[in-house]
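Presented below is the structure to which this report refers.
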Amino acid sequence: MEETILKFKKKGIEEPRLNAEIILSSILKKPRSYLYLESEYLIPPSRLCLLKKLVRRRSSHIPLSYTIREQDFMGLKFRVTPAVFIPRPETEILVEKVVKILQKEPISRKQNIIIDLGTGCGNIAISIAKQLSDFKIYAVEISKSALEVAFQNARRHRVEKRITFLWGDVFSPLRRMNLRGRVRLVISNPPYIAGPQIKRLSPEVRKEPLIALNGGRDGLKFFKRIIQEAPLFLGQGGLLALEMGYNQAGKVEKLIIAQKEFESPEFIYDYEGIQRVIISRRI
Ligand SMILES: C[S@@+](CC[C@H](N)C(=O)[O-])C[C@H]1O[C@@H](n2cnc3c(N)ncnc32)[C@H](O)[C@@H]1O
């Protein structure tokens, strides 16, 4: 363990002890607390080779979640591969908020559909499905390899029958499905980094799929598309809930107000006091 920590320190990996502990506990298939409760633990010889491989991967700045192929989100474990965006804690704020709203409202059979755009590893769709069992969810994704991971995650959490995964560009696979007015929620954490900013991101973030990060020249490309088309799907009072980047709240708010089919939006702040989530209702 100490050897790994030293190696991570030398390579400039942030939080070297935490990284070493998480890798070791994933190798041992035990929670991290096990390392503290047991003064001595044996690494099975068959797993030593894998441990070395993971330490090597992490030393070369491959994100920790890709190294151990797993990420926690809303208390659930998700498989992640380099084909998918790594779920972030900020996105939990988005999910928590919509679940709280929808749990309080009566569900109508005529408006029991949720659309998750850019589902990635399926974290939003799956964690909503686990908490709101009366909705049918459509999850769209443009990357086929991400969709495969999302489907594996849905099976792992036994919600694969309640989520339909669709391959395609934003709303396009949904257009012919006759969903007009039947959708209660359109939710998305779209790619929102402005193209020119991408080269300034940390080497680790740049190992995530470009397609998951790139929001076009101004970072707003997906917001414009989603806000424009969502009213064709949402029923009256239906919700549009979007995650945004730093400094985007005012611009996304303007897009929603200009649409004229939405009520004035509400913002939810993240742990750093940034307006991270915007929610609006279809009039
Ligand atoms: C920021 S990631 C969010 C992933 C996941 N929903 C989350 O919140 O962790 C954006 C996702 O949108 C997908 N995406 C990018 N362009 C898309 C498009 N035109 N249509 C559908 N999905 C797209 C990316 O592949 C990526 O999985």
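So for the sequence shown, our numbering puts the first residue at -19; every next one is plus one. All C-beta atoms, glycine included, are put in the ideal place defined by N, C-alpha and C. A quick note: this is a predicted structure, and the numbers were derived from the prediction, not measured.
Less than 7 Å separating the Cβ of residue i from some heavy atom of ligand 1?
i, result
"residue 198", "no"
"residue 65", "yes"
"residue 97", "yes"
"residue 71", "yes"
"residue 192", "yes"
"residue 109", "no"
"residue 178", "no"
"residue 7", "no"
"residue 174", "no"
Helix, strand or coil: how does DSSP classify residue i here?
i, result
"residue 61", "coil"
"residue 195", "coil"
"residue 100", "coil"
"residue 265", "No statement about residue 265 is possible, as the shown extent of the chain runs from -19 to 263 and does not include it."
"residue 239", "helix"
"residue 135", "helix"
"residue 83", "helix"
"residue 111", "helix"
"residue 51", "strand"
"residue 269", "Outside the displayed span of the chain (-19 to 263) sits residue 269, for which this structure offers no information."
"residue 159", "coil"
"residue 9", "coil"
"residue 127", "helix"
Can you tell me whether residue i sits near ligand 2, meaning its C-beta is under 7 Å from at least one heavy atom of the ligand?
i, result
"residue 257", "Ligands present in the displayed structure are limited to ligand 1, and ligand 2 is not among them."
Apply the 10 Å Cβ neighbour rule to residue i and answer buried if 16 or more other Cβ atoms are within range, or exposed otherwise.
i, result
"residue 263", "exposed"
"residue 238", "exposed"
"residue 211", "buried"
"residue -5", "exposed"
Based on the DSSP output, what are the partners of residue i in its beta bridges?
i, result
"residue 121", "147"
"residue 247", "258"
"residue 165", "94, 219"
"residue 56", "53"
Quick one: what's got a C-beta closer than 6 Å to residue i's C-beta in the same chain, skipping five residues either side?
i, result
"residue 41", "183, 184"
"residue 198", "174"
"residue 217", "261"
Tell me which same chain residues have a C-beta within less than 8 Å of the C-beta of residue i, skipping the five on either side of it?
i, result
"residue 194", "171, 173, 175, 178"
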